[in-house]
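Chemist:
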Amino acid sequence: MTTVDDLAGHFGPYGGRFVPEALIGALEELDAARIKAQTDPTFIAELAELHRTYSGRPSIITEAKRFAEHAGGARIILKREDLNHTGSHKINNVLGQALLTKRMGKKRIIAETGAGQHGVASATAAALMGLECVVYMGEEDTKRQSLNVARMKLLGAEVVPVMSGSRTLKDAINEAMRDWVTNVETTHYLLGTVAGPHPFPSMVRDFHKIIGEESREQVLALTGRLPDAVLACVGGGSNAIGIFHRFISDKDVRLIGLEAAGDGVETGRHAATITGGSPGVLHGNRTYVLQDENGQTIESHSISAGLDYPGVGPEHAYLHDIGRAEYRAVTDAEAMHAFALLCKTEGIIPAIETAHALAGALQVGNELGKDAIILINLSGRGDKDVQTAAQYFGIPL
Amino acid sequence: MTTPLDDLFVKTRAENRAALIAYIPAGFPSIEGCKKVIQAFVDGGVDAIEIGFPYSDPVMDGPTIQAAADQSLAQGTGAKEVFQALKVATDAGVAAVVMTYWNPIEKYGVEKFAQSIADNGGSGVITPDLTIEESASWKEAVEKIGINPIYVVAPSTTDARLPKVTSRCSGFVYAASLMGVTGTRTSVSSGAPDLVARIRTTTDLPIAVGLGVSTREQAKGVAGYADGVIVGSAFINALLDAPNEEAGLLAVKTLASELAQGVREGR
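Dropping the structure here:
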């Protein structure tokens, strides 16, 4: 079983294209460019070379033996996307899209960012390839991720604080869409997750699926068999789809996405879109959305800026509905507990986003027991989160 | 069967002029204030009214309409208030449509939404983010209920795609004058006449031009080549800039009557 999208980008009833007519031309141009690139040996070689010599692929796997003692004794294997250049999986997608931007003859990229990981990765790719880069970031997020704002500026990008709506990731996407509608002839919108209008969900997945391809081989080589479960955190869902995709046809491998429950799904202050939302349309695609009875988007809440999004990629919505993947919600407190535990047991400071997947592993490990093998996408490193974590744990700065 | 909107364009074509279409979000500047704005539109000589369904994530709208939508949503505007405003307009004897992003329709129920438009005397719905590829359920509903589906086309819409979109429209075709979001501009895009000419080769439907029209002179210019002139942000600015509601309503009426003159001077 696979979940290949149809030509119009549908995953079952999800996905598709709900955008102003002004963007249709650009989306079709992009779709044509990415389909052509998929089979173009020059493009494939260029991207592979960048992976090898710039981002540092293949990323390694690390077995987390001391952490595993807290997870029912299951074997815990970390796919180290945090070791990529720029510190997260986001570089996989931006290098691919930046190459496509050049192929389409465009000189300017725009991007949205929540935690700043995608913004930093976009600014990095723009610097590398000589593109102008503007990053839209909710004003609220520029405050809680000020270090990443500085990084983007050092890399030569312009960072525009977005003052509309809830001033977070959702509003940054709105503002990037408005820029794109206006400047579409010269500009590529380098969308950072597996959401948005077709072809973004499929294209961004394809640039990240290398995570699952590599780690499947690596786990086989290390353990001699496939993992029992593959875990990843889910905001928009790019790192999760990246590690899940190669395993979809491995029916016995459980795929488990961990959403951000914030203060708890029952409190209403959360970002667990599949767990606590309903089908609707947001940012160009049909998917699960946090919305009220009038179809207005409800603001999400999470300690993790990168998961603080009221939508989710349409392929996840579909994988959920057909029962191929499971989605659970992890509270801020559970995530921060797992964050601290990985720091102290393995000497790895994870991103707070990633800590949600680690918290999930503590649950799943205890459920599956001693002989289980759990593969976790360690999607990002936590340097950017030191301030938030220090505040959370009462460490004076 | 024709809608009041269809009848309007028969009339304005007979009078050899363009129609003036005015936009206001439901619940702006307040639930009651919106009803007064609609009356000011009618008093000023507006031919048709677009009631906006305020939405949390309006990607086609610039800062002016975003601010109006936020103000409206903060007062609890929902589907009920949208249909109430629609009824105020149609009771006042003008053709009226709703402009809404897709998700509120899907959440309300697609066929039920079309039915509520008709029940309140509305002629149709403008759907700025509904692509024809995703419009199967909407097409079925509007055909069954007998209201006008109005899609937006843009300067970037290719010649190959244009007839596919315009053939899905009835009432009129909404021509976005430029690549960009709603808001007033110092001049109407020079691309607009070209777009209207390209649309004409695909359909006999009336064509209304929106985005960036705010003055009598601009309305006059657009009326020279289009069947309808759509004005939104300029009215909202008039309300936002006024010292009080009374002054705002007077400013709306004054602007409407100036624009109404403009659409009669174009040819």
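Chains A and B are the protein sequences, given in the same order.
So for the first sequence, the UniProt record's numbering puts the first residue at 1; every next one is plus one.
So for the second sequence, the UniProt record's numbering puts the first residue at 1; every next one is plus one.
The beta-carbon is built from N, C-alpha and C at its ideal position, and this holds for glycine as well.
1) Which whole-angstrom value is the C-beta distance of residue 299 of chain A and residue 205 of chain A, which I expect to be below 8 Å?
2) Take the Cβ of residue 57 of chain B as the centre, count every other Cβ of all protein chains shown within 10 Å, and call the residue buried at 16 or more, exposed below.
3) Between residue 184 of chain B and chain A, is any beta-carbon pair separated by less than 7 Å?
4) Exposed or buried, which one is residue 16 of chain B when buried takes at least 16 other CB atoms within 10 Å?
5) I believe residue 353 of chain A touches residue 319 of chain A by the beta-carbon criterion, under 8 Å. Please report the beta-carbon distance rounded to the nearest angstrom.
6) Using only alpha-carbon positions, find the residue among A:66, A:241 and A:10 that is nearest to residue 466 of chain A.
7) Any chance the region 171-187 of chain B sits against the region 199-218 of chain B, with 3 or more Cβ pairs inside 8 Å?
8) What are the start and end residues of each continuous beta strand (DSSP E) run of 3 or more residues lying completely inside the region 127-195 of chain B, in chain order?
9) Please specify which runs of the beta strand (DSSP E), each continuous and at least 3 residues long, are wholly inside the region 61-102 of chain B, giving them in chain order.
10) Under 9 Å Cβ-Cβ, which residues of chain B neighbour residue 182 of chain A?
11) Against chain B, does residue 200 of chain A count as a neighbour if the rule is that its beta carbon must be under 7 Å from one of theirs?
12) What number of angstroms, rounded off, separates the C-alpha of residue 106 of chain A from the C-alpha of residue 193 of chain A?
13) Let me check understanding here. Comparing Cα to Cα, which of A:373, A:379, A:383 and A:377 lies closest to residue 73 of chain A?
14) Output needed for residue 360 of chain A: all residues of its chain with C-beta closer than 7 Å, excluding positions within five of it in sequence on either side, in chain order.
15) Nearest to residue 54 of chain B by CA position, among B:43, B:66 and B:47, is which residue?
16) Could you check if residue 123 of chain B is buried or exposed, using at least 16 other CB atoms within 10 Å of its CB as the buried criterion?
17) Please identify the residue among B:232, B:233, B:208 and B:236 whose C-alpha is closest to the C-alpha of residue 223 of chain B.
18) Using a Cβ distance threshold of 8 Å, determine whether the region 6-24 of chain A contacts the region 275-289 of chain A, with at least three qualifying pairs required.
19) In chain B, what lies closer than 9 Å to residue 8 of chain A by C-beta?
20) Taking residue 96 of chain B as the reference, which of B:131, B:13 and B:46 has the closest Cα?
21) Cβ atoms of residue 397 of chain A and residue 389 of chain A: under 7 Å apart, would you say?
22) Quick check on residue 102 of chain B - is its C-beta less than 7 Å from some C-beta in chain A?
23) Would you kindly work out how many angstroms separate the C-alpha atoms of residue 103 of chain A and residue 43 of chain A, rounded to a whole number?
24) Determine the extent of the beta strand (DSSP E) in which residue 262 of chain A is found, giving its start and end residues.
25) Step through the CB atoms of chain A and report whether any lies within less than 7 Å of the CB of residue 79 of chain B.
26) Could you tell me whether the Cβ of residue 20 of chain A comes closer than 7 Å to any Cβ of chain E?
27) Give the single residue among A:179, A:228 and A:199 whose Cα lies nearest to the Cα of residue 6 of chain A.
28) Threshold first: 3 residues or longer. Then list the beta strand (DSSP E) segments lying entirely within the region 81-132 of chain A, N to C.
29) Helix or strand or just coil, what does DSSP make of residue 2 of chain A?
30) What number of angstroms, rounded off, separates the C-alpha of residue 121 of chain B from the C-alpha of residue 140 of chain B?
31) At the level of alpha carbons, what is the spacing between residue 262 of chain A and residue 271 of chain A?
32) Can you say whether residue 114 of chain A is buried or exposed, counting buried as having 16 or more other CB atoms within 10 angstroms of its CB?
33) Could you give the residue range of the alpha helix (DSSP H) that holds residue 140 of chain A?
34) So which residues on chain B does residue 294 of chain A lean against when the C-beta distance must stay under 7 Å?
35) If we cut at 7 Å on Cβ distances, does residue 178 of chain A have a partner in chain B?
36) Which chain A residues sit within Cβ distance under 8 Å of residue 56 of chain B?
Modeler: Considering the structure as presented:
1) With 8 Å as the limit, residue 299 of chain A and residue 205 of chain A do not qualify as a contact, their Cβ atoms being about 27 Å apart.
2) Burial call: buried.
3) Answer no: the Cβ-Cβ gap between residue 184 of chain B and chain A never drops below 7 Å.
4) Exposed, because fewer than 16 other Cβ atoms sit within 10 Å of the Cβ of residue 16 of chain B.
5) Their Cβ separation, rounded to whole angstroms, is 19 Å, which puts residue 353 of chain A and residue 319 of chain A out of contact at 8 Å.
6) This structure cannot settle anything about residue 466 of chain A, because the visible part of chain A is limited to 1 through 397.
7) Verdict: yes, contact present.
8) 148-150 and 173-176
9) 95-99
10) Simply 178, 179, 180 and 181.
11) no
12) It is roughly 21 Å from the alpha-carbon of residue 106 of chain A to the alpha-carbon of residue 193 of chain A.
13) A:373
14) 231, 256, 258, 328 and 330
15) B:66
16) buried
17) B:208
18) yes
19) Chain B residues near residue 8 of chain A: 133 and 134.
20) B:46
21) No, Cβ-Cβ distance for residue 389 of chain A and residue 397 of chain A is not below 7 Å.
22) Under the Cβ distance rule, residue 102 of chain B counts among the residues neighbouring chain A, one pair being separated by less than 7 Å.
23) 9 Å
24) Unbroken beta strand (DSSP E) run through residue 262 of chain A: 254-262.
25) yes
26) This model lacks chain E altogether, as its protein chains are A and B.
27) A:199
28) With a minimum length of 3 residues, the continuous beta strand (DSSP E) runs that stay inside the region 81-132 of chain A are 108-113.
29) Any reading at residue 2 of chain A must be qualified, since the residue scores a pLDDT of 42, below 50, and its modelled position is unreliable; the value itself is stated next. Coil at residue 2 of chain A, not helix or strand.
30) 19 Å
31) 6 Å
32) buried
33) 139-144
34) 78, 79, 104 and 107
35) yes
36) 165, 296 and 297
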